[in-house]
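Enquirer: In the working numbering, the protein residues as written are 331 to 524. All C-beta atoms in this analysis are idealised placements derived from N, C-alpha and C, irrespective of residue type, glycine included.
1) Which two residues bound the contiguous alpha helix (DSSP H) that contains residue 449?
2) Could you give the residue range of the alpha helix (DSSP H) that holds residue 408?
3) Near residue 509, which residues of its chain fall below 8 angstroms by C-beta distance, leaving aside the five closest residues on each side in sequence?
4) Within the chosen definition, does the stretch 482-492 reach the stretch 357-372 through at least 3 CB pairs nearer than 8 angstroms?
5) Are the CB atoms of residue 360 and residue 436 nearer to each other than 9 angstroms?
6) Rounded to the nearest angstrom, what separates residue 519 and residue 505 at their Cα positions?
7) For residue 386, collect the residues of the same chain with a Cβ closer than 7 angstroms to its Cβ; drop the 5 residues on either side in sequence, then sort them by chain order.
8) Taking the C-alpha atoms as reference points, what is the distance between residue 355 and residue 524?
9) Between which two residues does the alpha helix (DSSP H) holding residue 511 run?
10) Hey, out of 388, 383, 473, 456, whose CA is closest to residue 336's CA?
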């Protein structure tokens, strides 16, 4: 079974594209969603995050997301330390999930595969991209955030041009009909590869 990773910067539309692949019957693993769940339910992650951030990391046994977001905002070192705690657990969780799938290939949707070097672990890489102005507008509509916060996240991610250089497939996600056609073309191609 092939492992395909679907990546792209914040606001590129990875989740929209992932849903299109899911409609074609492809098993999809959304790493960000699973990481959020594991940060709540994994005792290993919980203990390590409390050690890193202090007791404020959790309030009434619930992850204190605003506190963590504020702590890592513009603090690349702390962000990297948090990722070093969460990402190995997500990787193990993904491998366990993948072992239960029956399909020619699975897709893992993950944002920072290039930044952490994990892009080498996949058979194929699909990068979703859109112009920066479009990405910012999408995130502003989706989240209660600011342009400065979005740009701070973008600053910690590789540029689309750098990601595209290392990708097997690229989806320009501006027009949904065109995006759907690109997804179908890539899906057909992946099914043909032995």
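Expert: Result, derived from the coordinates:
1) Within the chain shown, the letter at position 119 stands for residue 449. In the DSSP assignment, residue 449 falls outside any alpha helix (DSSP H) and carries neither an H nor an E.
2) Position 78 of the chain shown, counted from the first residue, corresponds to residue 408. 406-429 is the span of the alpha helix (DSSP H), which, as asked, contains residue 408.
3) Counting from one through the chain shown, the residue named residue 509 turns up at place 179. Non-local C-beta neighbours of residue 509 in its own chain, meaning closer than 8 angstroms and more than five positions away in sequence, comprise 343, 346, 347, 350, 501, 502, 503, ordered along the chain.
4) Verdict: no, contact absent.
5) Here residue 360 corresponds to residue number 30 of the chain shown, with the count starting at 1. Here residue 436 corresponds to residue number 106 of the chain shown, with the count starting at 1. Contact flag unset, no.
6) The sequence position of residue 519 within the chain shown is 189, counting from 1. The sequence position of residue 505 within the chain shown is 175, counting from 1. Cα to Cα, residue 519 sits roughly 21 angstroms from residue 505.
7) Within the chain shown, numbered from 1, the residue matching residue 386 stands at position 56. The residues 394, 397, in chain order, have a CB closer than 7 angstroms to that of residue 386 in the same chain once the five nearest residues on each side in sequence are set aside.
8) As a working mapping, residue 355 is identified with position 25 in the chain shown. As a working mapping, residue 524 is identified with position 194 in the chain shown. Taking the straight line from one Cα to the other gives about 18 angstroms.
9) Start at 1 with the first residue of the chain shown, and residue 511 comes out as number 181. First-last of the alpha helix (DSSP H) with residue 511: 506-522.
10) In the chain shown, counting from the first residue as 1, residue 336 sits at position 6. Out of 388, 383, 473, 456, 456 has the C-alpha closest to the C-alpha of residue 336.
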